[in-house]
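Residue numbers (the working numbering): 1 to 658.
A virtual CB, placed ideally from N, CA and C, is assigned to each residue, including glycine.
Have a look at the structure below, then the notes.
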């Protein structure tokens with residue numbers, strides 16, 4: 001109920017604003033603009049309000065309450081001074097009844113297609129078309145992460161190689177509606193149906209304005225919904241199917257089913273385009289252009305797909321106009337009308353066939369878990385859907401054993417390509433992610449993996465603290481190479497020296513053990529105590545690739561000790577911030593900058609030292625991201641990756657200009 005009230009307030013606000021700046025061709029034009037403008041602006045208002053409450057206990061709850069108060073007040077204040085609705089007259093000849101019949105038919109078709117391919121059944125299980133799973137699955141996780149307050153806001157896309165562009169407001173709003181009481185499917189479906197129907201209404205309006213024909217508008221809107229056959233004509237062009245960039249997928253009819261934010265974004269662009277067409281018929285005021293410009297700015301980080309959607313609209317309208325013109329030829333009226341009708345029927349029939357194949361494709365059934373800790377305004381248990389095959393980023397993470405999820409993760413490392421490796425201890429596996437955080441693969445059959453390191457050749461070293469107390473060596477593809485355990489007891493973090501030597505923290509014996517890449521014991525030093533060269537619960541080791549010095553986190557003694565490669569003591573310095581050791585202290589050596597980064601699970605920032613032990617300051621992620629029991633550090637170029645054990649995810653700290 002609260003979600004519907006939210007939408008009603010948003011649409012009412014959009015109508016009030018549009019009436020101040022635009023003229024309307026019809027009632028459908030007015031309400032389509034109200035829906036698109038209102039939801040777009042309300043999304044940004046809620047999101048910006050959330051940023052203001054980012055450090056409170058319930059930021060989305062506070063943002064929604066503020067939205068209800070501010071929007072209701074703004075609506076009633078603006079309504080008192082609202083101008084009369086300004087209609088464009090005269091309109092093109094024709095029956096308004098047929099306009100409503102066409103739009104109602106298209107609305108029904110949109111509901112069947114969008115809701116029929118994504119819904120929750122009576123058992124509470126999410127069902128979606130198998131054809132759409134690879135695309136919309138990641139988008140559902142994107143929306144769900146907002147609704148469950150797990151990822152506010154995300155700086156990473158649901159896909160491996162793309163940042164979040166035009167999808168961001170749509171799926172943020174879907175997550176917000178889920179928070180307000182709708183289930184995940186209805187949250188996405190309601191916005192999808194409103195966006196697509198509003199866009200189709202605006203296509204009808206644009207066709208009427210451009211060609212002074214309501215028939216062209218109706219045909220153009222119908223062609224857009226069932227335009228699948230038109231894509232085939234572009235296969236013969238120089239930029240045909242084999243050469244088209246992925247951003248032009250709007251030619252593929254399935255795009256507005258799989259990429260549900262596209263009609264919404266293109267619809268906002270049509271609102272402005274219709275205004276520009278109308279302004280040539282009147283002397284529009286500057287403030288109307290400013291308002292239209294603000295709407296375009298509100299579509300974040302313009303993407304070619306938005307423009308492609310608008311080009312498809314224009315193409316459909318020109319084809320509709322061509323058929324309408326052909327049907328009005330007086331020289332051979334019967335032949336002309338038959339030809340025009342045949343062309344339209346063939347295009348629409350192929351479009352229906354294409355979409356029907358998607359609609360009838362097998363459904364993927366997604367089970368769910370209940371999460372009682374996260375509550376919306378209805379104070380209900382949240383339902384978390386687990387989409388199979390879903391690509392989850394390491395930066396979203398989450399507790400569990402799915403792809404990209406962790407259970408007490410302890411170690412993190414990067415390779416020369418920037419790929420990220422996480423030792424997922426309680427799940428007994430290593431997970432690999434791309435530099436953008438997208439899940440790549442997991443390798444199991446480890447016993448409590450704790451430390452992990454990757455050498456220059458891509459070989460992976462894993463320390464197991466379970467009963468085997470050993471180090472495993474894997475090839476770059478994850479294949480087993482060797483395992484050795486020369487008297488280790490509780491091996492933890494691992495570091496690689498510039499000569500590819502392997503340094504292992506042997507926590508149970510309070511020592512550092514040095515191996516060759518083939519497992520030969522090269523050196524060992526340390527014993528229990530607080531004197532120079534002794535340790536009490538060492539947790540981490542790092543090596544400076546320039547000087548070959550070895551740095552050890554002697555956490556229970558509250559200090560960092562420095563050694564040469566053979567274990568000779570060189571220096572030490574105190575780290576009073578460590579205090580009572582949590583066992584999750586870690587080091588990362590940045591040889592290029594001459595810095596050492598130190599963390600602990602009870603700290604909310606990362607300490608920064610130079611390599612002589614001088615304190616330089618601290619670094620933290622960009623708010624609202626924050627550290628949550630950081631357990632491990634890894635460097636990759638200008639980024640410091642921090643593994644958060646408590647929230648089971650990875651944070652990123654950009655080190656440029658720091």
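For residue 88, there is no enclosing beta strand (DSSP E), since its DSSP letter is neither H nor E.
Comparing alpha-carbon positions, the option among 102, 189, 296 lying closest to residue 205 turns out to be 102. Taking C-beta separations shorter than 8 Å and ignoring five residues to either side along the sequence, the partners of residue 459 in its chain run 473, 474, 475, 476, 481, 517, following chain order. The Cβ atoms of residue 140 and residue 188 sit closer than 8 Å to each other. For residue 554, the closest alpha carbon among the candidates 338, 466, 563 is that of 563. Nearest C-alpha to residue 209 among 278, 626, 573: 278. From the listed residues 602, 592, 606, 534, the smallest Cα separation to residue 571 is found for 534. DSSP lists 406 as the bridge partner or partners of residue 399. In this chain, residue 546 is not harboured by any beta strand (DSSP E), its DSSP state being neither H nor E. Residues of the same chain with a CB within less than 7 Å of the CB of residue 654, apart from the 5 flanking positions on each side, are 638, 639 in chain order. In the structure shown, the three-state DSSP call for residue 280 is coil.
Comparing C-alpha distances from residue 48 to each of 63, 55, 40 shows the shortest one belongs to 63. Residue 567 and residue 529 have their C-alpha atoms spaced approximately 16 Å apart. DSSP, read as helix, strand or coil, puts residue 4 in helix.
Inter-residue distance for residue 267 and residue 349 is about 25 Å (C-alpha atoms, whole angstroms). Just so you know, the alpha carbons of residue 514 and residue 504 end up roughly 6 Å apart. Here the stretch 30-44 makes no contact with the stretch 214-225; the two share fewer than three CB pairs at distances below 8 Å. Less than 8 Å separates the beta-carbon of residue 527 from that of residue 511. Residue pairing by DSSP places residue 365 opposite 127 in a beta bridge. In the DSSP assignment, residue 41 falls within the unbroken alpha helix (DSSP H) covering 27-52. The C-beta of residue 589 has 16 or more other C-beta atoms within 10 Å across all chains shown, which makes the residue buried. Inside the stretch 415-488, DSSP marks whole beta strand (DSSP E) runs of 3 or more residues at positions 420-424, 429-433, 439-443, 449-454, 460-464, 470-474, 480-484, from first to last along the chain. Within the same chain, 618, 619, 620, 627 come within 8 Å of residue 605 by CB-CB distance, once the 5 residues on both sides are set aside. Annotation: residue 615 to residue 50 spans about 35 Å, alpha carbon to alpha carbon. Beta-bridge partners of residue 639 (DSSP): 636, 654. Judged by their CB atoms, residue 180 and residue 75 are not nearer to each other than the 8 Å cut-off.
Look at residue 175 here: in three-state DSSP terms it is helix. Taking every protein chain shown into account, the CB of residue 451 has 16 or more other CB atoms within 10 angstroms, so this residue is buried.
The residues 120, in chain order, have a CB closer than 6 Å to that of residue 183 in the same chain once the five nearest residues on each side in sequence are set aside.
If you check the CB distance, residue 558 and residue 538 do not come in under 8 Å. DSSP places residue 616 inside the beta strand (DSSP E), whose first and last residues are 615-619.
When the beta-carbon positions are compared, residue 124 and residue 144 stay at least 8 Å from each other. Residue 542 sits in a strand when the DSSP states are folded into three classes.
Exclusion of the five residues before and after residue 489 leaves 469, 508, 509 as the residues of its chain whose Cβ lies within less than 6 Å of its Cβ. Residue state for residue 527 is assigned as coil, using DSSP reduced to three classes. The C-alpha of residue 438 is placed about 16 Å away from the C-alpha of residue 636.
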